[in-house]
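K.L.:
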Amino acid sequence: MARCPRPDLPGPAVSIAEIRGRARGAGSEFALACDMRFSSLERAILGQFEVRGGAVPGGNPMVRLAGLMGRGRAMEVVLGADDFSDAVAERYGYVNRALPDAELSAFVDGLAQCLAGFEKPAIIHAKSLLDLATLPPDAVFPPALAAFFQSVARPGAQARMARLLAQGLLRRTVVELSLGKAVAE
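For what it's worth, my numbering labels the leading residue of the sequence shown as 160, then goes sequentially.
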């Protein structure tokens, strides 16, 4: 992840996620919490697999995705629990832009450098107005986290997650590399 590289300036930062690889579950939720997201055309996979594992996503991608891509597509991502390629993620609005892998870091760094050169009050005020118009209220996040903890405590969810872990979840295996397919089986 890259940010405007001006640690001497206090106040709100503009966060930019650079996605090269798999960003699922909490990784996806972290990227969704950033102001902007850019992904590698060759290497990025995004998704929310938790529902197929018997759990409710805890970082509330439901509200963030609905704001970015609309209700129907957010339902497809969260309830379908499939992997989304960088190209589909870009088309859906999951990421701002998908770029060739060789160009990704230079683009993100260039954008961060550009923003760092702008007048701080202009960035702060523009971002605060965008936030006001587009971000959900903080109150929508605690219920999702509570639902996550309740859902992962259920025996069915624990059994599903145990099966996925035994099959290779969180290790460099076919299950991890193709999680959308693995959780569907």
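The C-beta atom is built at its ideal place from N, Cα and C for all residues, glycine as well.
Taking Cβ positions, are ARG202 and ARG179 nearer each other than 8 Å?
P.N.:
The count along the sequence shown starts at 1 and reaches residue 202 at position 43. The count along the sequence shown starts at 1 and reaches residue 179 at position 20. Yes, Cβ-Cβ distance for ARG202 and ARG179 is below 8 Å.
K.L.:
Pick out the complete alpha helix (DSSP H) segments inside the region 199-266, 4 residues or longer, and give them in chain order.
P.N.:
220-228, 230-239 and 245-251
K.L.:
When the Cα atoms are used, what is the spatial distance from LYS286 to ASP297?
P.N.:
Indexing the sequence shown from 1 puts residue 286 at position 127. Indexing the sequence shown from 1 puts residue 297 at position 138. Answer to the nearest angstrom: the Cα atoms are 17 Å apart.
K.L.:
In this structure, does DSSP put LYS340 in helix, strand or coil?
P.N.:
Here residue 340 refers to the residue found at position 181 when the sequence shown is read from its first residue. Judged by DSSP in its simplified three-state form, LYS340 adopts helix.
K.L.:
Give the list of continuous alpha helix (DSSP H) stretches no shorter than 4 residues that lie fully inside the region 265-320.
P.N.:
279-293 and 300-311
K.L.:
Would you kindly report the start and end of the unbroken beta strand (DSSP E) that includes ALA182?
P.N.:
Position 23 of the sequence shown, counted from the start, is the residue given in the question as residue 182. Where ALA182 is concerned, the enclosing beta strand (DSSP E) stretches over 181-183.
K.L.:
DSSP three-state label for ALA176, please.
P.N.:
Mapped onto the sequence shown, residue 176 falls at position 17. Reduced to three states, the DSSP call for ALA176 is strand.
K.L.:
Tell me whether the region 265-275 and the region 180-189 touch, counting them as touching only if at least three CB pairs, one residue from each stretch, are closer than 8 Å.
P.N.:
no
K.L.:
Counting contacts by CB-CB distance shorter than 8 Å, is ALA312 in contact with chain D?
P.N.:
Of the chains in the structure shown, none is chain D; there is only one protein chain.
K.L.:
Helix or strand or just coil, what does DSSP make of PRO166?
P.N.:
As a position in the sequence shown, residue 166 is number 7, starting the count at 1. Summary for PRO166: the model assigns pLDDT 44, below 50, so the residue's position carries little reliability; its value from the coordinates is reported in the next sentence. It is coil, neither helix nor strand.
K.L.:
Does the separation of the CB atoms of LEU191 and ARG232 fall below 8 Å?
P.N.:
For the purposes of this step, residue 191 is taken as the residue at position 32 of the sequence shown. For the purposes of this step, residue 232 is taken as the residue at position 73 of the sequence shown. No. Outside cutoff.
K.L.:
Taking TYR253 as the reference, give the member of SER199, GLY276, LEU270 and GLU262 with the closest Cα.
P.N.:
The count along the sequence shown starts at 1 and reaches residue 253 at position 94. When each option's Cα is compared against that of TYR253, the closest is SER199.
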